[in-house]
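In the numbering used here, the protein residues as written are 65 to 482. Each residue gets a CB set at the ideal place from its N, CA and C atoms; glycine is no exception. A quick write-up on the structure given underneath.
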Amino acid sequence: MKKVDDFRLHLGKHELVPLMIGGMGVDISTAELSLVAARLGGIGHISDAMVPTVSDRRFDTRYVKDKLKQYKFNVAESNKAVVQFDLNLLAEATRRHVDATMTAKHGDGLVFINCMEKLTMNAPRETLAVRLRSALDGGIDGITLAAGLHLGSFALIEDHPRFRDAKLGIIVSSLRALQIFLRKNLRSNRLPDYVVIEGPLAGGHLGFGMDWANFDLATIVAEIRDWLKAEQLDIPLIPAGGVFTGTDAVRFLEAGAAAVQVATRFTAARECGLPAGVQQEYFKTDEDNIEVNMISPTGYPMRMLKNCPAIGDGIRPNCEAYGYLLDAKGNCQYIEAYNRAVAAQPEARKVKVWDKTCLCTHMRNFECWTCGHYTYRLKDTTHRLADGSYQVLTAEHIFRDYQFSTENKIALPEPQEP
Ligand SMILES: Cc1cc2nc3c(=O)[nH]c(=O)nc-3n(C[C@H](O)[C@H](O)[C@H](O)COP(=O)(O)O)c2cc1C
């Protein structure tokens, strides 16, 4: 019976354990988590979501405070068009986050950054270009293009000196999305180095509609694999979403995948950015408490724990401090939903907003508990302690379990000293 360690992912000159920890914004996939994957010979991700905020926490900078101060005059306005990111500061924050991570990297593995197109930041093209370019400047090993079709993303960096040396990949959820990406990026004369195929059981935003349950990852992977073969294109495929055991991974590797991308199991790791209390909510949860809803202002369905504080919370939009989902005209679906709720309940001290959520504020405070479908199985990967809480794992334990386990087994950690 095969295990993940019997396979290797070849990316250029790199020979890697075929296990990639997916990007989880906002700093849920921390630098520490990504560095464990790299040390053990796999691939980890940091995320470029809200990097100025992450930098304030990690390096004691003041990006958020300073931006709020600059735009304080606009806080009560519903029109957020004036609120702009300073591109130099955005570049500085991204370079610092990436550079510090890469400097701390040891081992044969790689660290990539997850870059979401849906973070439109009131100037979609300009801010995306800065985020991509400064990640390359900071020495990142690779960039995974996420949450969007990224039809113009290669063009934004094709003159960068590292355009052909850094590994560049894209996340898709259908053959059609991949075909469009390849067609639109043809001009750059560069194929992606890998394609992550994310199925309907993944965490975060989904690349499906609310009919996500009608899709199946293995079927999409086979469809993309067969099409690439027919086109004589050799691009490593990396399925993601619901790969919960080493055996699940082996099934994909035997069917021709080059690696797998996983995330949910690592939300139970000590190195993960989720606060301890939130991690316990993930452990405790039952299947009934996990839903896919439409409250993300991005317009994509998102998987969440139903008891997360973000749902229904009518917080005043905080775009002067954040503003990561403002579109090119300074609109965000949450602002519209909030204004509707205020108009409907003019006397209320605090309104309830059910149809959308302020994702920036709630992700920043770890109150939007996005999660993968199999979060309810996390409790089976560890011990329940005498006080009723669950033992948090090390990322190394989880990584090794994926790497060496067989027969759908999950190795429990050494019990923690009482
Ligand atoms: C808490 C959480 C946050 C996530 N955030 C992001 C994100 O910011 N960007 C992204 O492309 N994918 C995100 N994902 C998706 C993962 O990177 C990964 O592809 C997917 O969850 C893998 O499936 P699994 O969780 O079943 O292992 C997130 C997943 C989780 C669980």
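Do you know how far the Cα of residue j is from the Cα of residue i?
{"i": "Ile288", "j": "Ile235", "result": "13 Å"}
{"i": "Cys396", "j": "Leu292", "result": "37 Å"}
{"i": "Thr439", "j": "Tyr346", "result": "6 Å"}
{"i": "Thr184", "j": "Asn143", "result": "16 Å"}
{"i": "Gly242", "j": "Gly267", "result": "Sequence inspection shows Leu at residue 242; the Gly mentioned does not correspond to that position. So the alpha carbons of these two residues sit roughly 20 Å apart."}
{"i": "Tyr364", "j": "Glu478", "result": "40 Å"}
{"i": "Cys372", "j": "Thr421", "result": "11 Å"}
{"i": "Ser111", "j": "Ala95", "result": "9 Å"}
{"i": "Asn138", "j": "Ser98", "result": "38 Å"}
{"i": "Gly378", "j": "Lys182", "result": "22 Å"}
{"i": "Ala313", "j": "Val307", "result": "6 Å"}
{"i": "Val162", "j": "Phe316", "result": "31 Å"}
{"i": "Asp69", "j": "Thr362", "result": "38 Å"}
{"i": "His461", "j": "Phe468", "result": "11 Å"}
Between which two residues does the beta strand (DSSP E) carrying residue i extend?
{"i": "Asn278", "result": "Looking at the DSSP string, Asn278 is not in any beta strand (DSSP E), and its letter there is neither H nor E."}
{"i": "Gln325", "result": "324-326"}
{"i": "His78", "result": "78-80"}
{"i": "Gly108", "result": "107-111"}
{"i": "His269", "result": "Segment: none, His269 is in no beta strand (DSSP E) and carries neither H nor E."}
{"i": "Gly206", "result": "206-210"}
{"i": "Cys424", "result": "First-last for Cys424: 423-428, but that is the alpha helix (DSSP H), not the beta strand (DSSP E)."}
{"i": "Tyr258", "result": "258-262"}
{"i": "Gly233", "result": "231-236"}
{"i": "Pro303", "result": "301-304"}
{"i": "Leu132", "result": "No beta strand (DSSP E) contains Leu132, which is instead part of the alpha helix (DSSP H) from 127-134."}
State buried or exposed for residue i, treating a residue as buried only when at least 16 other CB atoms are found within 10 Å of its CB.
{"i": "Thr311", "result": "buried"}
{"i": "Glu295", "result": "exposed"}
{"i": "Thr434", "result": "buried"}
{"i": "Phe123", "result": "exposed"}
{"i": "Ser297", "result": "The sequence given here has Leu at residue 297, not Ser. Per the 10 Å Cβ criterion, exposed."}
{"i": "Leu200", "result": "buried"}
{"i": "Gln409", "result": "exposed"}
{"i": "Met274", "result": "exposed"}
{"i": "Ala140", "result": "exposed"}
{"i": "Thr283", "result": "exposed"}
{"i": "Lys370", "result": "exposed"}
{"i": "Arg329", "result": "buried"}
{"i": "Asn186", "result": "buried"}
{"i": "Glu335", "result": "buried"}
{"i": "Met65", "result": "exposed"}
From the options, pick the residue whose C-alpha is nearest to that of residue i; which is it?
{"i": "Leu423", "options": "Leu239, Val115, His437, Asn382", "result": "Asn382"}
{"i": "Phe430", "options": "Leu338, Ala286, Phe279", "result": "Leu338"}
{"i": "Lys248", "options": "Gly271, Gly216, Ile379", "result": "Gly216"}
{"i": "His74", "options": "Arg226, Leu301, Ala277, Gln409", "result": "Leu301"}
{"i": "Ala392", "options": "Val147, Phe279, Arg121", "result": "Val147"}
{"i": "Gln455", "options": "Gly273, His426, Ala340, Asp377", "result": "Ala340"}
{"i": "Gln480", "options": "Asp451, Arg404, Phe468", "result": "Asp451"}
{"i": "Gly203", "options": "Glu181, Phe272, Arg226, Glu471", "result": "Arg226"}
{"i": "Leu255", "options": "Thr470, Gly233, Arg240", "result": "Gly233"}
{"i": "Lys348", "options": "Cys336, Glu222, Thr331, Thr362", "result": "Thr331"}
{"i": "Val415", "options": "Gly376, Pro361, Thr125, Thr446", "result": "Gly376"}
{"i": "His426", "options": "Glu400, Arg380, Tyr258, Glu411", "result": "Arg380"}
{"i": "Lys169", "options": "Val100, Arg121, Asp419", "result": "Val100"}
{"i": "Glu351", "options": "Arg329, Tyr402, Arg441", "result": "Arg441"}
{"i": "His437", "options": "Ala374, Ile107, Met368", "result": "Met368"}
{"i": "Ala333", "options": "Ala475, Lys129, Ser93", "result": "Ser93"}
{"i": "Phe71", "options": "Lys129, Leu476, Tyr466", "result": "Tyr466"}
{"i": "Val260", "options": "Pro188, Asp290, His224, Ile299", "result": "Ile299"}
{"i": "Ser238", "options": "Tyr258, Met166, Leu246, Gly271", "result": "Gly271"}
Would you give the residue range spanned by the alpha helix (DSSP H) that residue i belongs to?
{"i": "Pro188", "result": "188-201"}
{"i": "Phe463", "result": "459-468"}
{"i": "Met166", "result": "151-167"}
{"i": "Phe176", "result": "Per DSSP, Phe176 belongs to no alpha helix (DSSP H); it is in the beta strand (DSSP E), 174-180."}
{"i": "Asn357", "result": "Run containing Asn357: none in the alpha helix (DSSP H); it sits in the beta strand (DSSP E), 354-357."}
Quick check: does the Cβ of residue i come within less than 7 Å of any heavy atom belonging to ligand 3?
{"i": "Leu457", "result": "Questions concerning ligand 3 fall outside what the structure shown contains, since the ligands it does hold are ligand 1."}
- Task: Taking 8 Å as the threshold, find out whether the segment 198-216 comes into contact with the segment 175-185 through three or more Cβ pairs.
- Result: Enough Cβ pairs lie closer than 8 Å, so yes.
- Task: Could you say if the segment 323-330 and the segment 68-87 meet the contact criterion of at least three C-beta pairs nearer than 8 Å?
- Result: Because the criterion of three Cβ pairs below 8 Å is met, the segment 323-330 and the segment 68-87 touch.
- Flag this pair as touching only if the segment 107-122 and the segment 386-406 have three or more C-beta atom pairs under 8 Å; answer yes or no. Yes: at least three Cβ pairs fall under 8 Å.
- Message: Under 8 Å, with one C-beta from each stretch per pair, do the segment 356-373 and the segment 85-96 reach the 3-pair mark?
- Response: Contact fails: fewer than three Cβ-Cβ distances are below 8 Å.
- Message: Does the segment 187-199 come into contact with the segment 217-236, if we say contact requires no fewer than three beta-carbon pairs (one atom in each stretch) closer than 8 Å?
- Response: Segments in contact, yes.
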